[in-house]
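Residue numbers (my numbering): 117 to 289.
Beta carbons: idealized from backbone N, C-alpha and C, even for Gly.
(1) To which residues does DSSP link residue 215 through a beta bridge?
(2) For residue 157, collect the residues of the same chain with a Cβ closer than 8 Å to its Cβ; drop the 5 residues on either side in sequence, then sort them by chain order.
(3) Could you tell me how far apart the beta carbons of residue 245 and residue 274 are, in whole angstroms, since I believe they sit closer than 8 Å?
(4) Among 126, 121, 127 and 132, whose alpha-carbon lies nearest the alpha-carbon of residue 214?
(5) Along the chain, where does the alpha helix (DSSP H) that runs through residue 194 open and close?
(6) For the alpha helix (DSSP H) that residue 288 lies in, which residues bound it at each end?
(7) Quick one: grab the DSSP three-state call for residue 140.
(8) With distances taken from CA atoms, which of 272, 123 and 260 is nearest residue 235?
(9) Going by beta-carbon coordinates alone, are residue 136 and residue 233 separated by less than 9 Å?
(10) Please classify residue 166: does DSSP put it in a helix, a strand, or coil?
(11) Measuring alpha carbon to alpha carbon, tell me which of 289, 267 and 288 ends up nearest residue 280.
(12) Do residue 263 and residue 285 have their C-beta atoms within less than 9 Å of each other?
(13) With distances taken Cα to Cα, identify the nearest neighbour of residue 143 among 282, 162, 130 and 183.
(14) Starting from the C-beta of residue 122, find all residues in its chain whose C-beta is less than 7 Å away, skip the five residues before and the five after it, and write them out in chain order.
(15) Since residue 187 and residue 162 are thought to touch, with beta carbons under 8 Å apart, how far apart are those beta carbons, to the nearest angstrom?
(16) Comparing C-alpha positions only, which one of 259, 196 and 222 sits nearest to residue 149?
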């Protein structure tokens, strides 16, 4: 998900409004990691900063198919601190909002905020998750489709098992 317009540093200092209604990410916020969305459970939208020393070394590898060093699955459920908000891209391809975060290593990681939220790689704070839950639950479809969506939300950590069971009971009655 890319934005077409570049945001000024002054606008970024006020924070970034995510796709989740009401949730604005600021520098020094703490983000809750969800689960990696790649088949091997690594994080597709959280990777080593493209300006890091390790990234520069991997770029020279002749076998490098994808030179990004993705965050490993062992970080699922952890919290990370936003060090800086920035944009990456060009006017032609669009800009992606990035949160530069520290994960406990010497190397910084970049999170593509909107893509990571959509994939469940970062979770909105509790108070903003209810909007996402009600949107997912209120969509039309068969009971089986609704149960499948609820199960996916539970697996992504958006809703608890108790909330899943309560919604399941409502749907089946």
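Well, looking at it:
(1) For the purposes of this step, residue 215 is taken as residue 99 along the chain shown, with counting starting at 1. DSSP lists 201 and 227 as partners of residue 215.
(2) For the purposes of this step, residue 157 is taken as residue 41 along the chain shown, with counting starting at 1. Excluding positions up to five away in sequence, the list reads 151, 189 and 192.
(3) Within the chain shown, numbered from 1, the residue matching residue 245 stands at position 129. Within the chain shown, numbered from 1, the residue matching residue 274 stands at position 158. Right, their Cβ atoms sit about 6 Å apart.
(4) In the chain shown, residue 214 corresponds to position 98, counting from 1. The shortest Cα separation from residue 214 among 126, 121, 127 and 132 belongs to 132.
(5) By one-based count along the chain shown, residue 194 stands at place 78. Per DSSP, residue 194 belongs to no alpha helix (DSSP H) and is neither H nor E.
(6) Taking the chain shown and counting its residues from 1, the one referred to as residue 288 is at position 172. Segment 277-288, the alpha helix (DSSP H) holding residue 288.
(7) Along the chain shown, read from residue 1 onward, the residue named residue 140 stands at position 24. Three-state DSSP puts residue 140 in a strand.
(8) Translated into the one-based positions of the chain shown, residue 235 becomes position 119. Cα-wise, what sits closest to residue 235 is 272.
(9) Here residue 136 is taken as the residue at index 20 of the chain shown, counted from 1. Here residue 233 is taken as the residue at index 117 of the chain shown, counted from 1. Taking a C-beta distance under 9 Å as the contact criterion, residue 136 and residue 233 qualify as a contact pair.
(10) What you label residue 166 is simply residue 50 of the chain shown in a count that begins at 1. In this structure, residue 166 counts as coil in the three-state DSSP scheme.
(11) For the purposes of this step, residue 280 is taken as residue 164 along the chain shown, with counting starting at 1. Taking only the C-alpha atoms, the option nearest residue 280 is 267.
(12) Within the chain shown, numbered from 1, the residue matching residue 263 stands at position 147. Within the chain shown, numbered from 1, the residue matching residue 285 stands at position 169. No, the Cβ-Cβ distance between residue 263 and residue 285 is not below 9 Å.
(13) Position 27 of the chain shown, counting from 1, holds the residue named residue 143. Comparing Cα positions, the closest option is 130.
(14) Mapped onto the chain shown, residue 122 falls at position 6. These residues qualify, in order along the chain: 203 and 211.
(15) In the chain shown, counting from the first residue as 1, residue 187 sits at position 71. In the chain shown, counting from the first residue as 1, residue 162 sits at position 46. At roughly 4 Å, the Cβ-Cβ gap stays under 8 Å, so residue 187 and residue 162 are in contact.
(16) For the purposes of this step, residue 149 is taken as residue 33 along the chain shown, with counting starting at 1. Comparing Cα-Cα distances from residue 149 to each of 259, 196 and 222, the minimum goes to 196.
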